[in-house]
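**Student:**
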Amino acid sequence: MSGYLSVIPFILVSISNFIKKSRLENWIFSYTFIAVFFITLIVVIDLQVFNTWGYRLDATPLHYLKSPREAWASVSSSPLIQLFISFIILLIIASYIVYRIITRNIDNWNYIENLPFIPISVVCLLSLIIPIRGSLGISPMNQSTVYFSTNNFANISAVNAPWNFMSSIVNGTYDKVNPFTYLPKESLSENIKELYATSNTTQKVLRTDLKKPNVIFIIWESFTKKATEKTINGESVTPKFNSLKTEGIYFSNIYASGDRTDKGLPAILSGYPAQPTASIITEPNKSSKLPVLSKDFGNNAYSTAFYYGGETDFANIKSYLYEADFQRIISKQDFDPKDWNSKWGAQDGAVYQKFLQDHAKINQPFFSTVLTLSSHEPFEVPITTKFSGEDEESKFMNAMYYADQSFGNFIAEAKKQTWWDNTLIVVIADHGHRIPETGKKVDDFKIPMLWLGGALAKKGIEVSNVYSQIDVASTVLRQVNLNAYPYNWSKNIFDTRTKPWAFFAFNNGFGFVNQSKDYVFDNIGHKIIQSKGNISPKEQEFGKALMQRMFQDYLDK
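Under our numbering, think of the first position of the sequence shown as 928, with each following residue one higher.
1) May I have a chain-ordered list of the beta strand (DSSP E) segments no shorter than 3 residues that lie completely inside the region 1113–1155?
2) Identify the continuous alpha helix (DSSP H) that holds M1324 and give its terminal residues.
3) Please report the straight-line C-alpha distance between F1044 and W1036, rounded to a whole angstrom.
4) Taking only three categories from DSSP, how would you classify E1389?
5) Please state if the CB of S1395 and the CB of Y1177 are separated by a distance shorter than 8 Å.
6) As a quick exercise: from I1015, L1482 and L1383, pick the residue whose alpha carbon is nearest that of V970.
7) What does a CB cutoff of less than 7 Å around T1100 pick up in its chain, not counting 5 residues either side in sequence?
8) Going by beta carbon distance, what residues of the same chain come within less than 8 Å of L974, once the five residues before and after it are set aside?
9) How many Å lie between H1360 and N1408 at the Cα?
10) Which of the three DSSP states, helix, strand or coil, is assigned to A1400?
11) Straight-line CA distance for T1108 to Q1475?
12) Taking 8 Å as the threshold (C-beta atoms), are S1301 and A1326 in contact?
13) Once the 5 residues before and after I1208 are set aside, which same chain residues still bring their CB inside 7 Å of it?
14) Any chance you could list the beta strand (DSSP E) runs of at least 3 consecutive residues sitting entirely within the region 1164–1250, in chain order?
15) How would you call S943, buried or exposed, if buried means at least 16 neighbouring beta carbons within 10 angstroms?
16) Go ahead and pull the three-state DSSP assignment for T967.
17) Tell me whether H1358 is buried or exposed, calling it buried when 16 or more other Cβ atoms sit within 10 Å of its Cβ.
18) Return the first residue and the last residue of the beta strand (DSSP E) that Q1457 is part of.
19) Is it buried or exposed, N1160, if we count other Cβ atoms within 10 angstroms and call 16 or more buried?
20) Helix, strand or coil for Y1101 per DSSP?
21) Throw me the rounded Cβ distance for the T1350 and G1380 pair, which I believe falls under 8 Å.
22) For F1448 versus P1203, is the C-beta distance shorter than 8 Å?
23) Is S1221 buried or exposed, if buried means 16 or more other CB atoms sit within 10 Å of its CB?
24) How many Å lie between N1290 and A1232 at the Cα?
25) With a threshold of 8 Å, are at least 3 pairs of Cβ atoms found where one atom belongs to the region 1263–1281 and the other to the region 1303–1314?
26) Rounded to whole angstroms, what's the CA-CA distance from L1298 to I1145? Just pull it up for me.
27) Nearest to G1366 by alpha carbon, out of L951, G1185, K1459 and A1021?
28) Do you know how far the Cα of A1330 is from the Cα of T1155?
29) Sort I946, H1453 and S1401 by Cα distance to L1196 and report the nearest one.
30) Beta-carbon within less than 8 Å of L1018's beta-carbon, same chain only, minus the 5 sequence neighbours each way: which residues are those?
31) DSSP three-state label for F1107, please.
32) Given this structure, state the Cα-to-Cα distance separating K1418 from D1480, to the nearest angstrom.
33) Going straight from the alpha carbon of I1020 to that of F960, what length do you get?
34) With a Cβ-Cβ cutoff of 8 Å, do R1134 and A1382 count as a contact?
35) Taking 6 Å as the limit between beta carbons, can you name the residues of its chain near I1033, skipping five residues before and five after?
36) Using the rule of at least 16 other Cβ atoms within 10 Å of the residue's Cβ for burial, across every protein chain shown, is Q1406 buried or exposed?
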C-alpha cells in the first residue's frame, strides 16, 4: 500500500527541478495529508467492521451507501463517539509525524543537475513496482502472503486494512476467474453428484385434500437458534416461538447460507447459495436469471405480495423483488409515519397488522412474504425494556423478545382468519448473528425453521437432520405439487434419499456441516480454522467442491 501511495510523491520529486520549491512543498503536503486522512479513516472503520462482521474492511459497505438512511441505521448502534475520538487522535499524531518528516527534508532540499538526477529519479519511480507487487516472484502479494499462524485471528490481524480495502475495490468481483478452484473437473462432478443424491419422490406433510394451499413466508431478521435457547434470569428470549414448536414441524438443524439479508433473500426465495466475496442481489443482470418462488406461484394463479417495514432500495433488494414479479410490494412508504418508530422504518407489530388487514380481503390462493426488521441493529423496540442492560447483547435480546411477541400475536390473530385452515406458514431467518457469542462460527449460521398452519397434515414433529436455508424452496414447491426443477441448488428435505448436509459462505471462507461433524475453512489461508469431529479428506472435498461449483455458477450467470 505504501508503494501505491508513493507513486505521486515520486513523480513530483522526479520533476522537482522544474517546480518552485514552495509549490512542491505545498503539493506534497496537500497530497500527504489527504492520504493520511483517508488511511486513518479506513483504519478506524475497519475496527468496527471486524467487530461486527468478523472480517477486515473491504468494498462490501460501499454497496449500502446507495441507501444512506438505512446504512446509518445499521451503524448507529456502534460506539461512534469512541471511534470518532480514536480517528481524531490518530489523525493528529499521524499528521504531526509526517509534517515533521516532510518539513525537515524539504528544508534541506538542494538543486541537483538534471543529469544524473532525472534518470535516477525515473529508475526509483519504476522500482516502486517491487513493493507494489510485494516480491520479484511470479505472483503478486495477496492476503495469504501475510498469513503466518495457526491462530486465524493473528492471520486476520496481519492483513493491512487500507490495502485490503483498495484490493477488494479493484479485484473484489472476480468477474472473470474463479479464485476458489480446488478440484479437477472429474472429482468436482463426482462430489456434487454424491451430495445431491435424490429419488425424485417426496413424503407429503401437507393435507392431500388441498390443491392450492396458501403459503406465507416469514423471514425473521437475524434469528438464530442460539436466541431461541437463550434464557435471562430464568425467562426465555423467544417464549412465543418456543411454545409454537409443538404446533407444527420444527426443523432444529437448519443453517443459513450467508451472513446478510441481501444473501438470505435469494437463498430462501430462489434456493440460491450465498457468495463469499459478492452478493448476487446487487447485480441485477445476474439476479434476474434466478428462479423465484413468487414467479412460480404467480404463474399458477396465486396472488403474490411482499411486506417489509423498511426501504426496499437498501442493498438493491427492490430490483430483485421487481424481477420476482411480486404483484404487490409493501414497504416503508405504505405505512403511517407514526409507525416509523425505528431508524429502519415500521416495526414488526405494524407490519404484521397491515398484513392481517390486507389479507382479510385478499383473493386465495396467495403466496405472501414478510421480511421483519425489528431485530436489526440498532435494536430499537417500541416496548418497555424486558432485559436490563445497555450493552449490545442486552439490546439485541430485547429486540428479539419484541420480535417474538409480535410474531406470537400475529399467529394468534392468523388462527382466527378464514384462510388459516388452508395455509402453510414457513418461519425462517434471513441469516444468523454473532450474538450471543459462543466462539464457534458455525453457531452464528445455525437458524431455526418452523412450519405452522392449518394446511399441515402432520404436527408436533421435529426434523433433526442437517439441512440448509437453500433447501426450503425445493421442499415447499414439491409439497404444493409445483415444479422445482429450476432450483438445482435446493434439496428436497422430505426426499428419503436426500443427504443431510449444509454449506454456508462468509467473507472469503465457507463452512460445511453434516450430521455429526462440521468445519470452517479459510479461503485465504487454505486451511480449516475451526472444526468438530475428525474431518476426513472426503469431507474436505465436499466443502471445496461446493465452494468451487457454486461460485462458478455465480460467475456464469
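All C-beta atoms, glycine included, are put in the ideal place defined by N, C-alpha and C. Treat the numbers as computed from the prediction; the structure is a model and nothing was measured.
**Tutor:** In this structure, then:
1) Fully enclosed beta strand (DSSP E) runs of 3 or longer: 1141–1147.
2) Sequence index remark: in the sequence shown, residue 1324 carries index 397 (1-based). Counting along the chain, the alpha helix (DSSP H) containing M1324 begins and ends at E1319 to A1341.
3) Numbered from its first residue, the sequence shown carries residue 1044 at position 117. Numbered from its first residue, the sequence shown carries residue 1036 at position 109. Distance between the alpha carbons of F1044 and W1036 is about 13 Å.
4) As a position in the sequence shown, residue 1389 is number 462, starting the count at 1. Assigned with DSSP and collapsed to three states, E1389 falls in strand.
5) Locating residue 1177 in the sequence shown gives position 250, where the first residue counts as 1. Locating residue 1395 in the sequence shown gives position 468, where the first residue counts as 1. Cβ atoms of Y1177 and S1395: not closer than 8 Å.
6) Sequence index remark: in the sequence shown, residue 970 carries index 43 (1-based). Among I1015, L1482 and L1383, the Cα nearest to that of V970 is on I1015.
7) Numbered from its first residue, the sequence shown carries residue 1100 at position 173. The pLDDT assigned to T1100 is 47, lower than 50, so where the model puts this residue is not dependable; a value taken from the coordinates is nonetheless given after this. Here the set comprises A1205.
8) To locate residue 974, count along the sequence shown from 1; it is residue 47. In chain order, L1010 and S1013 place their CB closer than 8 Å to the CB of L974, counting only its own chain and leaving out the 5 sequence neighbours on each side.
9) Taking the sequence shown and counting its residues from 1, the one referred to as residue 1360 is at position 433. Taking the sequence shown and counting its residues from 1, the one referred to as residue 1408 is at position 481. Roughly 34 Å separates the two Cα atoms.
10) The count along the sequence shown starts at 1 and reaches residue 1400 at position 473. Per DSSP, reduced to three states, the secondary structure at A1400 is helical.
11) Along the sequence shown, read from residue 1 onward, the residue named residue 1108 stands at position 181. Along the sequence shown, read from residue 1 onward, the residue named residue 1475 stands at position 548. Straight through space, the alpha carbons of Q1475 and T1108 are spaced by roughly 5 Å.
12) The residue you call residue 1326 lines up with position 399 of the sequence shown. The residue you call residue 1301 lines up with position 374 of the sequence shown. In this structure, S1301 lies closer than 8 Å to A1326 by Cβ.
13) Counted from its first residue, the sequence shown places residue 1208 at position 281. Result list for I1208: D1189, L1192, P1193, S1214, A1242, N1243, I1244 and Y1247, in chain order.
14) DSSP runs (the beta strand (DSSP E)) wholly in the region 1164–1250: 1176–1182 and 1230–1235.
15) Residue numbering aside, residue 943 sits at position 16 when the sequence shown is read from its first letter. With at least 16 other beta carbons inside 10 angstroms of its own, S943 counts as buried.
16) Position 40 of the sequence shown, counted from the first residue, corresponds to residue 967. Residue state, collapsed to three classes: helix.
17) Against the sequence shown, residue 1358 aligns to sequence position 431. Burial of H1358 is indicated by the presence of at least 16 other C-beta atoms within 10 angstroms of its C-beta.
18) If you number the sequence shown from 1, residue 1457 lands on position 530. That run of the beta strand (DSSP E) goes K1454 to K1459.
19) Within the sequence shown, numbered from 1, the residue matching residue 1160 stands at position 233. Burial call: exposed.
20) Residue 1101 sits at position 174 when you count from the first residue of the sequence shown. Per-residue confidence for Y1101 stands at a pLDDT of 48, beneath the threshold of 50, marking its modelled position as unreliable; no derived number is given.
21) What you label residue 1350 is simply residue 423 of the sequence shown in a count that begins at 1. What you label residue 1380 is simply residue 453 of the sequence shown in a count that begins at 1. Contact holds; Cβ gap of about 4 Å.
22) The residue you call residue 1448 lines up with position 521 of the sequence shown. The residue you call residue 1203 lines up with position 276 of the sequence shown. No, the Cβ-Cβ distance between F1448 and P1203 is not below 8 Å.
23) The count along the sequence shown starts at 1 and reaches residue 1221 at position 294. Taking every protein chain shown into account, the CB of S1221 has 16 or more other CB atoms within 10 angstroms, so this residue is buried.
24) In the sequence shown, counting from the first residue as 1, residue 1290 sits at position 363. In the sequence shown, counting from the first residue as 1, residue 1232 sits at position 305. Whole-angstrom Cα-Cα distance: 11 Å.
25) Pairwise C-beta distances place the region 1263–1281 in contact with the region 1303–1314, as three or more of them are shorter than 8 Å.
26) Position 371 of the sequence shown holds residue 1298. Position 218 of the sequence shown holds residue 1145. Approximately 6 Å, taken between the alpha carbons.
27) On the sequence shown, position 439 is the one that residue 1366 refers to. It is K1459 whose Cα lies nearest to the Cα of G1366.
28) Here residue 1155 corresponds to residue number 228 of the sequence shown, with the count starting at 1. Here residue 1330 corresponds to residue number 403 of the sequence shown, with the count starting at 1. Approximately 12 Å between the Cα atoms of the pair.
29) Here residue 1196 corresponds to residue number 269 of the sequence shown, with the count starting at 1. It is S1401 whose Cα lies nearest to the Cα of L1196.
30) Numbered from 1 along the sequence shown, position 91 holds the residue referred to as residue 1018. Cβ neighbours of L1018 beyond the five flanking positions: V963, F964 and T967.
31) If you number the sequence shown from 1, residue 1107 lands on position 180. In the structure shown, F1107 sits in coil (DSSP, three-state: anything other than H, G, I, E or B).
32) For this step, residue 1418 is matched to residue 491 along the sequence shown. For this step, residue 1480 is matched to residue 553 along the sequence shown. Roughly 17 Å between the two C-alpha positions.
33) Start at 1 with the first residue of the sequence shown, and residue 1020 comes out as number 93. Start at 1 with the first residue of the sequence shown, and residue 960 comes out as number 33. F960 has its alpha-carbon roughly 12 Å from the corresponding atom of I1020.
34) One-based indexing of the sequence shown puts residue 1134 at position 207. One-based indexing of the sequence shown puts residue 1382 at position 455. In this structure, R1134 places its C-beta atom within 8 Å of the C-beta atom of A1382.
35) Taking the first residue of the sequence shown as position 1, residue 1033 is located at position 106. Its chain contains E952 as the residues whose beta carbon lies nearer than 6 Å to that of I1033, once the 5 sequence neighbours on both sides are disregarded; these appear in chain order.
36) Within the sequence shown, the letter at position 479 stands for residue 1406. Q1406 counts as buried, since at least 16 other C-beta atoms from the protein chains shown sit within 10 angstroms of its C-beta.
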